[in-house]
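See below for the structure under consideration.
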Amino acid sequence: MGMGEVHVQLLSEPSVTMSALVMRTRPLGFDFVMGMNGINVLRGVTVRSLDDVKFGIEESEVVTAAATALQRDVVEKDFGVTYDVKAHTWTVSWKWSSGTGPPRLQNTVSEYRVPQAARQEYENELCQWIKDGWLVPYSKVVHGPVRGTIPLMAVVQRNKKKVRTVMDFRELNSYFDVHTADADVCAEKIREWHRRGQRVALLDLRKAYLQIHVHQSLWSYQTVVFRGMRYCLTRLGFGLNIAPLVLKKVLSTVLS
Numbered sequence: 293m294g295m296g297e298v299h300v301q302l303l304s305e306p307s308v309t310m311s312a313l314v315m316r317t318r319p320l321g322f323d324f325v326m327g328m329n330g331i332n333v334l335r336g337v338t339v340r341s342l343d344d345v346k347f348g349i350e351e352s353e354v355v356t357a358a359a360t361a362l363q364r365d366v367v368e369k370d371f372g373v374t375y376d377v378k379a380h381t382w383t384v385s386w387k388w389s390s391g392t393g394p395p396r397l398q399n400t401v402s403e404y405r406v407p408q409a410a411r412q413e414y415e416n417e418l419c420q421w422i423k424d425g426w427l428v429p430y431s432k433v434v435h436g437p438v439r440g441t442i443p444l445m446a447v448v449q450r451n452k453k454k455v456r457t458v459m460d461f462r463e464l465n466s467y468f469d470v471h472t473a474d475a476d477v478c479a480e481k482i483r484e485w486h487r488r489g490q491r492v493a494l495l496d497l498r499k500a501y502l503q504i505h506v507h508q509s510l511w512s513y514q515t516v517v518f519r520g521m522r523y524c525l526t527r528l529g530f531g532l533n534i535a536p537l538v539l540k541k542v543l544s545t546v547l548s
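Using this note's numbering, the first residue of the sequence shown is number 293, and each one after it goes up by one.
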């Protein structure tokens with residue numbers, strides 16, 4: 293009897309590593325009993341019937357985008373997006389209006405004033421971003437010199453009484469030429485999901501932008517400072533002026 297790490301792979305291909313308690317006898321007569329730690333790693337579970345069980349890592353309640361087994365690339369004037377079949381991820385690389393990025397953004401402000409009443413919820417969300425890997429600790433050796441600091445701020449949604457963490461991308465946005473204002477996500481395409489399959493690429497529209505990865509070569513332009521530590525934002529941030537169009541093109545591609 294002892295503790296160890298086990299690698300669990302689902303029939304639908306996603307796999308995770310979780311802690312396990314190894315016992316001399318089968319618990320309750322079962323070969324394997326999963327506790328809440330395992331369910332958390334698998335991002336929750338939905339049981340519809342005895343033979344219809346889905347873990348959160350397999351599907352999303354909001355939208356499941358069924359990409360084909362082929363590599364799908366989106367090439368636009370302002371950006372390019374690549375789909376990784378094995379990792380089930382979309383990664384965007386934006387294009388600078390001048391052809392090359394600035395040596396460094398001028399902003400030095402790391403955070404705008406956060407109301408004391410919103411501070412706890414604001415920090416909790418940032419901690420969750422770190423836990424989810426959306427923010428990763430900055431390393432000069434890995435990421436190169438810092439080329440930009442994006443200010444953090446808290447926005448209170450009064451109608452929902454919620455606090456949202458947002459970033460001020462205005463300076464970074466000035467280095468992009470957005471060639472179209474057609475950046476609305478088509479509602480009809482979202483409804484199309486219900487007539488599609490339920491595998492491969494997952495997009496949760498509640499945090500859709502943050503599910504799109506940013507190419508690592510661009511991370512140094514979107515660093516943030518939180519609790520005295522610098523982090524790289526690894527995902528597409530809400531407020532980046534190309535973000536709505538990137539999301540629309542990704543959705544159009546996976547639903548086509």
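All residues carry an ideal CB built from backbone N, CA and C; glycine is no exception. Because the structure is a prediction, the values reported are computed rather than measured.
Residues near residue i by beta carbon distance below 7 Å, same chain, minus five either side
i, result
"Thr545", "Arg364, Val366"
"Glu463", "Leu397, Gln398, Asn399"
Span separating the alpha-carbon of residue i from that of residue j
i, j, result
"Leu502", "Arg316", "44 Å"
"Val406", "Glu415", "10 Å"
"Leu537", "Lys346", "31 Å"
"Val438", "Arg396", "7 Å"
"Met310", "Asn329", "8 Å"
"Gly393", "Phe468", "10 Å"
"Lys499", "Gln449", "16 Å"
"Lys454", "Val516", "22 Å"
"Ala358", "Gln420", "For Ala358, the predicted model reports a pLDDT of 47, less than 50, meaning its position is unreliable and no value from the coordinates is stated."
"Val384", "Val377", "15 Å"
"Pro319", "Gly327", "12 Å"
"Ala409", "Thr400", "25 Å"
"Asp323", "Val314", "10 Å"
"Gly321", "Val339", "22 Å"
"His380", "Asn451", "35 Å"
"Arg411", "Val325", "39 Å"
Of the listed residues the options, nearest to residue i (C-alpha basis)
i, options, result
"Ala446", "Arg519, Leu418, Gly393", "Leu418"
"Val308", "Asp323, Arg318, Arg335, Val314", "Arg335"
"Asp424", "Cys524, Ala312, Lys541", "Cys524"
"Gln398", "Arg318, Tyr375, Ile422, Gly440", "Gly440"
"Val458", "Val433, Ser402, Ser466", "Ser402"
"Glu518", "Lys499, Asp460, Pro443, Glu463", "Here residue 518 turns out to be Phe, not Glu, going by the sequence shown. The shortest C-alpha separation from Phe518 is found at Pro443."
"Val470", "Asn451, Ala535, Lys454, Val428", "Ala535"
"Gly529", "Lys378, Met521, Val434, Leu510", "Leu510"
"Ser390", "Ala312, Asn465, Val377", "Asn465"
"Pro429", "Gly327, Val325, Gln514", "Gln514"
"Arg456", "Ser431, Lys432, Gly531, Arg462", "Gly531"
"Ile422", "Met521, Lys540, Leu320", "Met521"
"Phe461", "His380, Tyr404, Ala410", "Tyr404"
"Lys540", "Ala379, Gln412, Glu368", "Glu368"
"Ser431", "Gln508, Val339, Val333", "Gln508"
Any chain B beta carbon closer than 9 Å to residue i
i, result
"Gly393", "Looking for chain B here will not work: only one protein chain is present."
Close beta carbons around residue i, own chain, < 8 Å, minus the five adjacent residues each side
i, result
"Gly436", "Ser512"
"Arg527", "Trp426, Tyr501, Leu502, Gln503, Ile504, His505, Val506"
"Leu370", "Reading off the sequence, residue 370 comes out as Asp, not Leu. Counting only Cβ-Cβ distances below 8 Å, and skipping sequence neighbours, we find Trp386, Lys387, Phe468, Asp469, Val470, His471, Ile534, Leu537."
"Val434", "none"
Opposing strand residues paired with residue i [DSSP bridges]
i, result
"Pro429", "Tyr523"
"Phe371", "Trp386"
"Glu403", "Leu444"
"Lys454", "Gln449"
"Lys423", "Beta-bridge pairing links Lys423 to no other residue."
"Thr381", "Asp376"
"Val337", "Phe347"
"Val366", "Val373"
"Met328", "Answer is none; Met328 lacks a bridge partner."
Residues near residue i by beta carbon distance below 6 Å, same chain, minus five either side
i, result
"Trp382", "Val373, Tyr375, Ile504, Val542"
"Ile331", "Val337"
"Val333", "Val308, Met310"
"Glu413", "Val455"
> Fully enclosed by the region 494-548, which alpha helix (DSSP H) runs are 4 residues long or longer?
Replying inline: 535-546
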